[in-house]
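Quick notes on the structure that follows.
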Amino acid sequence: MSLDTKWLEDFLQLAEMQHFSRAAEARHITQPAFGRHIRALEKAVGQTLINRSTTPISLTPAGRQFRTIARNIVSQMEDGLKLLNGIEKPLLNPIRIATPHSLSSPTLLDLIHHLEESEISAQFSVDILRVDYAVQSLSEGDCDFLLGFEILSLLQPPFKNLCLGQGDFLLVSVTDSQGKAKFAPQTESVPILRYSSESYSARLIEQKQPELTTLNTYPVFESSMCQLHKEMALRGKGIAWLPDTLIQQELTNGQLVAIDPKQYRIPYQIRLYRNGSPLHNDAETVWETLKEQLLTHWQLTTPWDTP
């Protein structure tokens, strides 16, 4: 099979713009020449990559898989040329991970440390994104893995996933001078730090809402970021739902306390997602290593234990 790398770049441009003439213009070639490149690419790989019957045009299932492969090939070639020409010292074939803010620290850092302890020698490139942008990044082949909570759209083909651990969203309050919760929503009206409606955390809590009717709260702050809620909670601005992985240290040292954790805890799972398409060697090694370790009952995270 003979592939021209320019065909790959043309294909990636078309996949992004979903329009032949605009993609051709962006690539600075005529539309007829651009169309010939795409047809030549399809002939070379032996698959129809573009669904031309839709408006705008779309990728076929094979096209979606090939997009990941094409991105990897083009990225590796660009990095290699930069290295050869001494332009810069790029990360060579880094493992690209997208994750939301709430899992970036310490969960993602713990995962990278665990992989290093497992003698996996690799470089990592991390993008901290909103969940919907992270899903788009994975779908379009811009990352190898997405570390996230349960994402329904990724729990089915062509995606694969590994459940790396689990935990709970806990309702927490800053402590008073006696080390007890400053706020008691069961007995008085208290301020709550609310998640914006488009966030994963808001959707998860909303599913549990019928069971939380005993809470007497009023919103004083809204954000999609768990980290901001944590900082506001530590400043005594209100109670907040926070993932236990994010507040292990604060729970242990008594800065935060879980409010009635037997009643107010919402379970979640942490999963590593990938496309079904083949990844580069280092990424495949990571996947296979974690898959084997999970068979031995290893977990990256476990739920916080109530004292």
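When the letters of the sequence shown are read in order and numbered with the numbering used here, they come out as residues 1 to 307. Here a beta-carbon is modelled for each residue, glycine too, at the ideal position from N, C-alpha and C.
From residue 120 to residue 286, what distance separates their C-alpha atoms? Counting from 1 along the sequence shown, the entry for residue 120 is found at position 120. Counting from 1 along the sequence shown, the entry for residue 286 is found at position 286. Each residue's alpha carbon lies about 7 Å from the other.
For residue 71, tell me which candidate among 237, 9, 284 has the shortest Cα-Cα distance. Indexing the sequence shown from 1 puts residue 71 at position 71. Closest by alpha carbon: 9.
If you draw a straight line from the C-alpha of residue 43 to the C-alpha of residue 4, how long is it? The residue you call residue 43 lines up with position 43 of the sequence shown. The residue you call residue 4 lines up with position 4 of the sequence shown. Distance between the alpha carbons of residue 43 and residue 4 is about 12 Å.
Identify every run of the beta strand (DSSP E) within the stretch 86–151, keeping only runs that are complete inside it and at least 3 residues long; order them along the chain. 95–99, 124–128, 145–148
Would you kindly work out how many angstroms separate the C-alpha atoms of residue 165 and residue 271, rounded to a whole number? What you label residue 165 is simply residue 165 of the sequence shown in a count that begins at 1. What you label residue 271 is simply residue 271 of the sequence shown in a count that begins at 1. Distance between the alpha carbons of residue 165 and residue 271: 7 Å.
Do residue 108 and residue 147 count as a contact pair if the criterion is CB distance below 9 Å? The residue labelled residue 147 in the question sits at position 147 within the sequence shown. The residue labelled residue 108 in the question sits at position 108 within the sequence shown. Cβ distance < 9 Å, so residue 147 and residue 108 count as in contact.
Could you tell me the alpha carbon to alpha carbon distance between residue 13 and residue 215, rounded to whole angstroms? As a first step, residue 13 must be located in the sequence shown, where it is residue number 13. As a first step, residue 215 must be located in the sequence shown, where it is residue number 215. So the alpha carbons of these two residues sit roughly 51 Å apart.
Cβ shell of residue 260 (< 8 Å), same chain only, five flanking positions each side left out: For the purposes of this step, residue 260 is taken as the residue at position 260 of the sequence shown. For residue 260, where only same-chain residues beyond five positions count, the Cβ hits under 8 Å are 171, 186.
Residue ranges of each beta strand (DSSP E) within the stretch 152–214, 3 or longer: 159–174, 190–195
Identify, in the order they occur along the chain, each residue of the same chain with its Cβ nearer than 6 Å to the Cβ of residue 199, setting aside the five sequence neighbours on each side. Position 199 of the sequence shown holds residue 199. So the list reads 224, once near-sequence residues are dropped.
In whole angstroms, what is the alpha-carbon distance linking residue 35 and residue 140? Residue numbering aside, residue 35 sits at position 35 when the sequence shown is read from its first letter. Residue numbering aside, residue 140 sits at position 140 when the sequence shown is read from its first letter. Distance between the alpha carbons of residue 35 and residue 140: 21 Å.
Kindly confirm or deny that the stretch 272–279 and the stretch 141–161 touch, where touching means at least three C-beta pairs closer than 8 Å. yes
For a test of the three-state rule: what should DSSP assign to residue 21, helix, strand or coil? Sequence index remark: in the sequence shown, residue 21 carries index 21 (1-based). Helix at residue 21.
Is residue 269 helix, strand or coil when you go by DSSP? Position 269 of the sequence shown holds residue 269. Looking at residue 269 - three-state DSSP - the assignment turns out to be strand.
Kindly list the residues whose CB is nearer than 7 Å to the CB of residue 176, restricted to its own chain and excluding five residues on each side of it in sequence; keep chain order. The sequence position of residue 176 within the sequence shown is 176, counting from 1. Counting only Cβ-Cβ distances below 7 Å, and skipping sequence neighbours, we find 182.
Drop a sphere of 10 angstroms on the beta-carbon of residue 262, count the other beta-carbons inside from all chains shown, and report buried for 16 or more, exposed for fewer. Locating residue 262 in the sequence shown gives position 262, where the first residue counts as 1. By the neighbour-count rule (16 or more Cβ atoms within 10 Å), residue 262 is not buried but exposed.
Distance check for residue 240 and residue 217, CA to CA, integer angstroms please. Counting from 1 along the sequence shown, the entry for residue 217 is found at position 217. Counting from 1 along the sequence shown, the entry for residue 240 is found at position 240. Straight-line Cα distance between these residues: approximately 11 Å.
Locate the beta strand (DSSP E) running through residue 219, then write down its first and last residues. For the purposes of this step, residue 219 is taken as the residue at position 219 of the sequence shown. Residue 219 -> beta strand (DSSP E) spans 217–223.
Per the DSSP calculation, residue 243 is bridged to which residue(s)? As a working note, residue 243 is residue 243 in the sequence shown. DSSP, once it has assigned bridges, lists 169 as partnering residue 243.
So, at 6 Å on beta carbons, what are the nonlocal neighbours of residue 304 in its own chain, with the 5 sequence-adjacent residues on each side left out? The residue given as residue 304 occupies position 304 in the sequence shown. Cβ neighbours of residue 304 beyond the five flanking positions: 244.
Could you pull out every residue in the same chain whose Cβ sits closer than 7 Å to the Cβ of residue 277, ignoring the five residues on either side in sequence? Reading the sequence shown from its first residue, position 277 is the one you call residue 277. 65, 68, 69, listed in sequence order.
Using the DSSP secondary-structure output, state which residues sit across from residue 301 in a beta bridge. In the sequence shown, the residue the question calls residue 301 occupies position 301. Answer is 165.
Give me the residue from 189, 295, 204, 49 with the minimum Cα distance to residue 15. On the sequence shown, residue 15 is found 15 positions in, with the first residue counted as 1. When only C-alpha atoms are compared, the closest one is 49.
Is residue 267 closer than 9 Å to residue 179 when the C-beta atoms are compared? Translated into the one-based positions of the sequence shown, residue 179 becomes position 179. Translated into the one-based positions of the sequence shown, residue 267 becomes position 267. Against a cut-off of 9 Å, the Cβ pair of residue 267 and residue 179 comes out as no contact.
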